[in-house]
Each structure stands twice: as structure tokens, then as C-alpha cells.
Amino acid sequence: MQELSKQELELLRILQKNARFDITDLTEKLNMSRTSVYDRIKKLENEGYIKDYVAIIDPKKVGLNFTVIINVSLNSQQLDIVEEFSQQVAALDEVVEGYVTGGIFDYVLKVVVKDPEAFNGFIRKLSDIPNVSKVQSSFVMSYIKQSTNLHF
1 MQELSKQELE LLRILQKNAR FDITDLTEKL NMSRTSVYDR IKKLENEGYI KDYVAIIDPK
61 KVGLNFTVII NVSLNSQQLD IVEEFSQQVA ALDEVVEGYV TGGIFDYVLK VVVKDPEAFN
121 GFIRKLSDIP NVSKVQSSFV MSYIKQSTNL HF
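In terms of full-length UniProt numbering, the sequence shown opens at residue 1 and continues consecutively.
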């Protein structure tokens with residue numbers, strides 16, 4: 001991939017804040033024609049800079065009031081075991097973010113569920129996955145910052 005122009009970087013900054021853009025506003029901010037703006041957006045999508053467009057839902061408004069950060073250790077870091085665990089965790093709807101990490105734990109998961117009882121059910125599912133050796137959960141009391149904006 002080639003380096004992005006200043007206009008393309010600015011376009012990405014604008015779209016990540018609000019993908020429901022007004023084309024007239026974009027053409028003015030970027031000093032580009034409508035066709036150029038649409039062409040640049042299509043290019044950024046095709047090259048994988050823009051992965052998707054989504055609505056960010058307030059979990060509490062849909063009854064998901066319990067967020068937990070979970071650290072998981074496996075009893076082996078063999079590639080096949082790590083891949084199997086990753087696939088099974090990715091298939092769990094309650095997991096909204098998951099990371100393979102280095103350090104004390106092998107994974108960090110963010111889980112959003114209705115309540116502690118639903119979380120208990122999730123832990124049972126997690127425990128059924130082979131090679132889990134340790135699970136440590138931290139319950140989110142309040143949010144300090146939530147953002148999808150990258151600063152570049």
C-alpha cells in the first residue's frame with residue numbers, strides 16, 4: 001500500500017468520528033469534488049483502511065449492564081492450542097473484544113452481559129474450552145473513557 005495523502009488522512013479522521021457524513025460538508029472540509037470524495041472513500045475501503053461501518057450501541061439501553069475484563073492463561077502455548085482457544089472464544093457472543101497478550105496472561109477478554117447470573121453462565125462456557133488453566137475477572141464499576149477513534 002502506498003502512503004496516504006493529507007486529504008485521505010483527514011477523510012479517515014472525519015469518518016471515524018461520524019460515518020454518516022454530509023457529502024457537501026466533506027467536499028468543503030477537504031476541498032475536493034463529490035466524485036473525488038467518493039472515489040477516495042472507495043479506495044480506502046478497498047485497501048482495508050476502512051474495515052466496516054457500524055452503529056455504536058449503548059449496552060445499558062439494551063439491557064447489558066455488566067461488563068467484565070477477564071484475563072485467561074492456558075496451560076500450554078502450543079500453536080494448535082492457542083488457535084483452538086482463539087477460535088472458540090471468538091465464537092462466544094458475550095466477548096466483544098479479545099486480545100492475545102504477552103506477559104502474565106495469554107488473553108484479555110472484554111465481556112458484556114446482562115447481569116452476574118449471565119456472567120456465571122459465560123464462565124461455565126469459558127471453562128468448557130480445553131486447556132484453560134487460570135481465569136481472573138475484574139468487574140467494571142464505571143467507564144472512564146470509551147472510544148473507537150484512533151489518533152494518527
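No residue lacks a Cβ here, since even glycine has one placed at the ideal position from N, Cα and C.
Would you list the residues sitting across from residue i in a DSSP beta bridge?
i, result
"residue 70", "109, 137"
"residue 143", "BP columns for residue 143 are empty, so no partner."
"residue 98", "109"
Please name the residue in the options whose C-alpha comes closest to that of residue i.
i, options, result
"residue 148", "10, 18, 8", "18"
"residue 85", "69, 108, 24", "108"
"residue 29", "63, 9, 64, 67", "9"
"residue 96", "2, 70, 48, 31", "70"
"residue 3", "27, 61, 34, 47", "47"
"residue 20", "55, 117, 5", "55"
"residue 142", "36, 57, 22, 65", "65"
"residue 94", "80, 53, 120, 52", "120"
"residue 87", "118, 129, 114", "129"
Can you find the residues in the same chain that come closer than 7 Å, C-beta to C-beta, to residue i, ignoring five residues on each side of it along the sequence?
i, result
"residue 132", "72, 74, 126"
"residue 32", "7"
"residue 106", "72, 73, 74, 77, 100"
"residue 26", "14, 37"
"residue 81", "74, 131"
Assuming residue i is part of the alpha helix (DSSP H), what are its boundary residues?
i, result
"residue 123", "116 to 128"
"residue 86", "79 to 90"
Identify, in the order they occur along the chain, each residue of the same chain with its Cβ nearer than 6 Å to the Cβ of residue i, setting aside the five sequence neighbours on each side.
i, result
"residue 59", "112"
"residue 98", "89, 109"
"residue 137", "68, 70"
Residues in the same chain with beta-carbon distance under 8 Å from residue i, minus the five sequence neighbours each way, listed in chain order, please.
i, result
"residue 50", "12, 15, 41, 44"
"residue 104", "71, 73"
"residue 53", "19"
message: If we require 4 or more residues per run, which alpha helix (DSSP H) segments fall completely within the UniProt domain "HTH asnC-type" (4 to 65)?
response: DSSP runs (the alpha helix (DSSP H)) wholly in the UniProt domain "HTH asnC-type" (4 to 65): 6 to 17, 23 to 30, 34 to 46.
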